[in-house]
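A.B. asks:
Residue numbers (the working numbering): 594 to 725.
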């Protein structure tokens, strides 16, 4: 090869190297954005679980007859409530104040639903009634 051919080969290698760096950078930012979206979804589910636990604690501490309505935000999660706590997607546990195992009946809640949570005077239990 002549001198001109070697320079051209060097230019091609340099161009390929720069293109690879740019493509890698774009891939990193796309992956970072996808991870951020997933963290956001997990955060919404956790906040919904915290809201349910806070409502149970509020109803419990105010005593029999106290009632609160709660609407869960949209998302992709399930919340399960039982006598040991509030569970988000059966993974994350959020503690609640009531420790009496007979006080809360197991309940499963989904995004977008509205619930009435009441400390029933007659049964002395916290009752969950799905409104919508």
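The C-beta atom is built at its ideal place from N, Cα and C for all residues, glycine as well.
(1) State the Cα-Cα distance for the pair residue 611 and residue 603, rounded to the nearest angstrom.
(2) Could you tell me how far apart the beta carbons of residue 675 and residue 657 are, in whole angstroms, since I believe they sit closer than 8 Å?
(3) Among 679, 666, 642, which residue has its Cα nearest to the Cα of residue 692?
(4) Measuring alpha carbon to alpha carbon, tell me which of 712, 687, 695, 723 ends up nearest residue 644.
(5) Keeping to the same chain, check which residues put their C-beta closer than 6 Å to that of residue 722; ignore five residues upstream and five downstream.
(6) Does DSSP classify residue 618 as helix, strand or coil?
(7) Considering just the uninterrupted stretch of the beta strand (DSSP E) at residue 713, what are its terminal residues?
(8) Our contact map puts residue 719 next to residue 653 with C-beta atoms below 8 Å; I'd like the distance itself, whole angstroms only.
(9) Please list, in chain order, all residues of the same chain as residue 659 whose beta carbon is under 6 Å from its beta carbon, the five residues on each side excluded.
(10) For residue 594, which residues of its own chain have a beta-carbon under 6 Å away from its beta-carbon, when the five flanking residues on both sides are left out?
(11) Run through DSSP, which three-state label would residue 649 get?
(12) Does the distance from the C-beta atom of residue 689 to that of residue 642 stay below 7 Å?
(13) Flag this pair as yes or no: are the beta carbons of residue 646 and residue 670 separated by less than 7 Å?
(14) With DSSP run on the structure shown, which of helix, strand or coil describes residue 662?
C.D. replies: Taking the geometry as given:
(1) Counted from its first residue, the chain shown places residue 611 at position 18. Counted from its first residue, the chain shown places residue 603 at position 10. Whole-angstrom Cα-Cα distance: 12 Å.
(2) Looking up residue 675 in the chain shown gives position 82. Looking up residue 657 in the chain shown gives position 64. That pair is no contact at about 20 Å.
(3) Locating residue 692 in the chain shown gives position 99, counting from the first residue. Comparing Cα positions, the closest option is 679.
(4) Indexing the chain shown from 1 puts residue 644 at position 51. That would be 687, whose Cα lies nearest to the Cα of residue 644.
(5) Here the question's residue 722 lines up with position 129 in the chain shown. Same-chain partners within the cutoff: 709.
(6) Within the chain shown, residue 618 is the residue found at index 25, counting from 1. In the structure shown, residue 618 sits in a helix (DSSP, three-state: H, G or I).
(7) In the chain shown, counting from the first residue as 1, residue 713 sits at position 120. Taken as a continuous stretch (DSSP letters only), the beta strand (DSSP E) holding residue 713 covers 707 to 713.
(8) Taking the chain shown and counting its residues from 1, the one referred to as residue 719 is at position 126. Taking the chain shown and counting its residues from 1, the one referred to as residue 653 is at position 60. Sure, about 6 Å apart at Cβ, within 8 Å.
(9) Looking up residue 659 in the chain shown gives position 66. 652, 712, listed in sequence order.
(10) Here residue 594 refers to the residue found at position 1 of the chain shown. Confidence at residue 594 is low in this model, with a pLDDT of 49, below 50, so the placement of that residue is unreliable and no value is reported for it.
(11) Counting from 1 along the chain shown, the entry for residue 649 is found at position 56. Note: residue 649 maps to helix in three-state DSSP.
(12) By 1-based counting over the chain shown, the position of residue 689 is 96. By 1-based counting over the chain shown, the position of residue 642 is 49. Going by C-beta atoms, residue 689 is not nearer than 7 Å to residue 642.
(13) For the purposes of this step, residue 646 is taken as residue 53 along the chain shown, with counting starting at 1. For the purposes of this step, residue 670 is taken as residue 77 along the chain shown, with counting starting at 1. Cβ distance not < 7 Å, so residue 646 and residue 670 don't count as in contact.
(14) Within the chain shown, the letter at position 69 stands for residue 662. Strand at residue 662.
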